[in-house]
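Position one of the sequence shown corresponds to residue 809 (the numbering used here), numbered consecutively onward. These notes are about the structure you will find just below.
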Amino acid sequence: MSTTITLTINGTERPVAVELGDSLLEVLRREGFTSVKHGCDTGDCGACAVLLDGDAVDSCMILAISTDGRAVTTVEGLETDGHLHPLQQAMIDTGAVQCGFCTPGTVMTGIDLLSRNTDPTQDDVKTALAGNLCRCTGYVKQVDAVLAAARQMKGGPDA
Ligand code: FES
Ligand code: FES
């Protein structure tokens with residue numbers, strides 16, 4: 809059985825058809841937000857992370873129908889006036905993007921951290937990103953990217 813909910817996705821309110829058992833991940837991908845990656849489907853890899861009312865969540869673990877009236881942000885909503893979010897740019901600049909499969913989820917998790925902590929330590933970043941698995945990078949560059957983005961967002965020197 810399907811029903812229609814209202815979601816604000818990347819700042820635009822829209823009606824979205826959902827089946828009762830759909831995850832938020834399935835619905836977002838069906839709506840064309842394919843930055844949200846389908847990894848483990850069990851809440852273990854972080855590839856599907858999005859912001860739900862500003863907090864990073866694993867969208868595979870959220871029933872879409874429970875998100876009626878809420879706001880979702882995906883990577884597609886980060887660009888402003890043709891500019892990448894500072895964390896997206898830092899991920900590129902530090903070489904933290906290799907195959908890229910984990911990158912959207914890592915970026916959304918990092919943005920959640922930076923929204924709560926503008927001056928994170930390396931340990932803060934490691935703790936925040938602990939649920940975002942990456943087969944390629946060894947994680948060092950991703951941590952460096954979040955620290956560089958924090959510096960840049962505070963107006964300090966770039967990475
Ligand atoms: S696909 Fe959601 S945590 Fe892995
Ligand atoms: S860059 Fe390939 S899984 Fe992270």
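Where a beta carbon is used, it is the ideal one built from N, C-alpha and C, also for glycine. A quick note: this is a predicted structure, and the numbers were derived from the prediction, not measured.
At a cut-off of 6 Å, is residue i close to ligand 1 when judged by its beta-carbon and the heavy atoms of the ligand?
{"i": "Ala936", "result": "no"}
{"i": "Ala855", "result": "yes"}
{"i": "Gly885", "result": "no"}
{"i": "Asp1037", "result": "The requested residue 1037 is not part of the displayed model; the chain covers only 809 to 967."}
The beta strand (DSSP E) that contains residue i, what's its start and end?
{"i": "Asp852", "result": "Run containing Asp852: none; DSSP gives neither H nor E here."}
{"i": "Val865", "result": "863-866"}
{"i": "Thr812", "result": "810-817"}
{"i": "Pro823", "result": "820-827"}
On the DSSP letters alone, give me the boundaries of the alpha helix (DSSP H) that residue i sits inside.
{"i": "Ala938", "result": "Element bounds for Ala938: n/a, residue is neither H nor E."}
{"i": "Arg878", "result": "First-last for Arg878: undefined, no H or E at that position."}
{"i": "Glu887", "result": "Note, Glu887: premise wrong, no alpha helix (DSSP H); not H, not E."}
{"i": "Lys962", "result": "Here Lys962 belongs to no alpha helix (DSSP H), and DSSP marks it neither H nor E."}
{"i": "Arg838", "result": "832-838"}
{"i": "Ala904", "result": "Taken as a continuous stretch (DSSP letters only), Ala904 belongs to no alpha helix (DSSP H), as it is neither H nor E."}
{"i": "Asp920", "result": "911-924"}
Given that a residue counts as buried once 16 or more other Cβ atoms are within 10 Å of its Cβ, and exposed if not, what is residue i?
{"i": "Val948", "result": "exposed"}
{"i": "Asp863", "result": "exposed"}
{"i": "Thr875", "result": "buried"}
{"i": "Met968", "result": "No information on residue 968 is available, as it lies outside the stretch 809 to 967 that the chain covers here."}
{"i": "Cys848", "result": "exposed"}
{"i": "Gly890", "result": "exposed"}
{"i": "Gly908", "result": "exposed"}
{"i": "Pro823", "result": "exposed"}
Within the present structure, is the beta-carbon of residue i separated from the nearest heavy atom of ligand 2 by less than 6 Å?
{"i": "Thr945", "result": "yes"}
{"i": "Gln896", "result": "no"}
{"i": "Gln909", "result": "According to the sequence provided, residue 909 is Phe. The question's Gln does not apply to it. Checking every heavy atom of ligand 2 against the Cβ of Phe909, one is found closer than 6 Å."}
Express the C-alpha separation of residue j and residue i in angstroms, rounding to a whole number.
{"i": "Ile813", "j": "Leu860", "result": "15 Å"}
{"i": "Asp830", "j": "Thr811", "result": "11 Å"}
{"i": "Ala967", "j": "Thr911", "result": "Note on Ala967: pLDDT 43, under 50, position unreliable in the model; the coordinate value appears next. If I take the Cα positions, the gap works out to 18 Å."}
{"i": "Leu941", "j": "Thr881", "result": "20 Å"}
{"i": "Gly913", "j": "Leu921", "result": "12 Å"}
{"i": "Glu834", "j": "Thr926", "result": "32 Å"}
Are residue i and residue j touching if we call contact CB-CB under 7 Å?
{"i": "Leu832", "j": "Ile870", "result": "yes"}
{"i": "Thr917", "j": "Ala879", "result": "no"}
{"i": "Lys934", "j": "Val951", "result": "yes"}
{"i": "Leu895", "j": "Ile919", "result": "yes"}
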